[in-house]
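Trainee: Have a look at this one before I ask anything.
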């Protein structure tokens, strides 16, 4: 795998990734959007111009500090239509979709308890259709952290292999009369080969 930085600024890092399959390259953009409204307009304008410059598979991932709806927030002041904008506009304009996740829904908390607690879904992973086709099995897992107010997450672009189920001995099998005969027969047999 080779990477090439394409665009780096205070709030986003875009890198071109050349990986298997080798005839495909894709552009992840790692985001930490400004929290203050006065800086957001410039940020969203920059994100749109960067997106327009690359026609291939694209993934935005990180802290957007933006909500899509009231369902993305619990506690605190209600979400208003004026507080939703940049992320939704970017997604609508370029047909970007949320690629889903495993784990806790809310990715940020104000670390308070009781009625003072606010939880929000501020961290997103959105991709264009080309990226979803290239990495159709990609998953994001929201992890747990005790050291930050944002939850870290793990991107896996490969298909997750399910492990074979583990053998579990059931105690009631010992009550079956034929089991003792089967076990004695198995232990009396000679086997050769590698135990691995």
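Numbering (our numbering), first residue to last: 27 to 222. Cβ atoms here follow ideal geometry from the backbone N, Cα and C, with glycine treated the same way.
(1) If you pair each beta-carbon of the region 114-133 with each one of the region 161-172, do three or more pairs fall below 8 Å?
(2) Around the C-beta of residue 222, are 16 or more other C-beta atoms found within 10 angstroms, so that it is buried, or is it exposed?
(3) Return the chain-ordered list of same chain residues with a C-beta closer than 6 Å to the C-beta of residue 83, the five sequence neighbours on each side being excluded.
(4) Reducing DSSP to helix, strand and coil, say where residue 45 ends up.
(5) Quick check: the Cα distance between residue 194 and residue 200, rounded to an integer number of angstroms?
(6) For residue 54, does the count of other Cβ atoms within 10 angstroms reach 16, so buried, or fall short, so exposed?
(7) Assign residue 38 to one of three DSSP states: helix, strand, or coil.
(8) So does the region 66-76 actually touch the region 98-116, counting three or more Cβ pairs closer than 8 Å?
(9) How would you write the range of the beta strand (DSSP E) that residue 50 sits in, first residue to last?
(10) With residue 247 and residue 146 assumed to form a contact (beta carbons below 8 Å), what rounded beta-carbon distance in angstroms separates them?
Mentor: From the atom records:
(1) yes
(2) Residue numbering aside, residue 222 sits at position 196 when the chain shown is read from its first letter. Per-residue confidence for residue 222 stands at a pLDDT of 45, beneath the threshold of 50, marking its modelled position as unreliable; no derived number is given.
(3) One-based indexing of the chain shown puts residue 83 at position 57. Answer for residue 83: 52, 156, 157 and 160, listed in chain order.
(4) Mapped onto the chain shown, residue 45 falls at position 19. Reduced to three states, the DSSP call for residue 45 is strand.
(5) Numbered from 1 along the chain shown, position 168 holds the residue referred to as residue 194. Numbered from 1 along the chain shown, position 174 holds the residue referred to as residue 200. Each residue's Cα considered, the two are about 13 Å apart.
(6) Position 28 of the chain shown holds residue 54. Classification of residue 54: buried, given that the 10 Å Cβ count is 16 or more.
(7) The sequence position of residue 38 within the chain shown is 12, counting from 1. Strand, per DSSP.
(8) yes
(9) The residue given as residue 50 occupies position 24 in the chain shown. Taken as a continuous stretch (DSSP letters only), the beta strand (DSSP E) holding residue 50 covers 50-58.
(10) Nothing about residue 247 can be reported from this structure: the residues present for the chain run from 27 to 222 only.
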